[in-house]
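For reference, the structure is listed below as structure tokens.
Residue numbers (our numbering): 1 to 176.
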């Protein structure tokens, strides 16, 4: 049985905090650092039956550009759907109809971040809104089949994107 003994915040930032949890596990006291992260959203923007939009952006932690689905955190007072629409407008300059695909914990071994992933269809081009100051985003139109291949070959290395693309592809193939 696992029982929380003590929890203490050791850092508070803009979008995440760090806490130290002490818990009893098999008659031992274990300490674990936990990142408390705001929930987030991700979208698979479907242009047509063959193409989707992905973004390429430099990720400081990975120290390289990663090919990803558009995504971002849910701001205070936003619903996941509102956040998804805002993030699409900021990152790719589109709005559309959102259908929930799945929700996933991105790194539950040390992080509380829960991501809501949507499929975005009926896309309408709008003026791209300004996003975060640290984002330099390149929009990539890519065939769904190519995106699947890139996930399988390791060219897409981002877990949320791999999960979203392969889940979408699986559901699409099952429903045929």
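Even for Gly, the Cβ is constructed at its ideal location relative to N, Cα and C. Only a predicted model underlies this, so the values are computations on that prediction, with no experimental measurement involved.
Residue state for residue 110 is assigned as coil, using DSSP reduced to three classes. Per DSSP, the unbroken alpha helix (DSSP H) holding residue 88 starts and ends at 80-91. By the Cβ neighbour-count rule, residue 99 is exposed, with fewer than 16 other Cβ atoms within 10 Å of its own. Residue environment for residue 27: exposed (fewer than 16 other C-beta atoms within 10 angstroms of its C-beta). Distance check between residue 112 and each of 136, 36, 158 places 36 closest, using alpha-carbon atoms only. At a Cβ-Cβ threshold of 8 angstroms, residue 52 and residue 169 do not count as neighbours.
For the pair residue 138 and residue 56, the CB atoms are nearer than the 8 angstroms cut-off.
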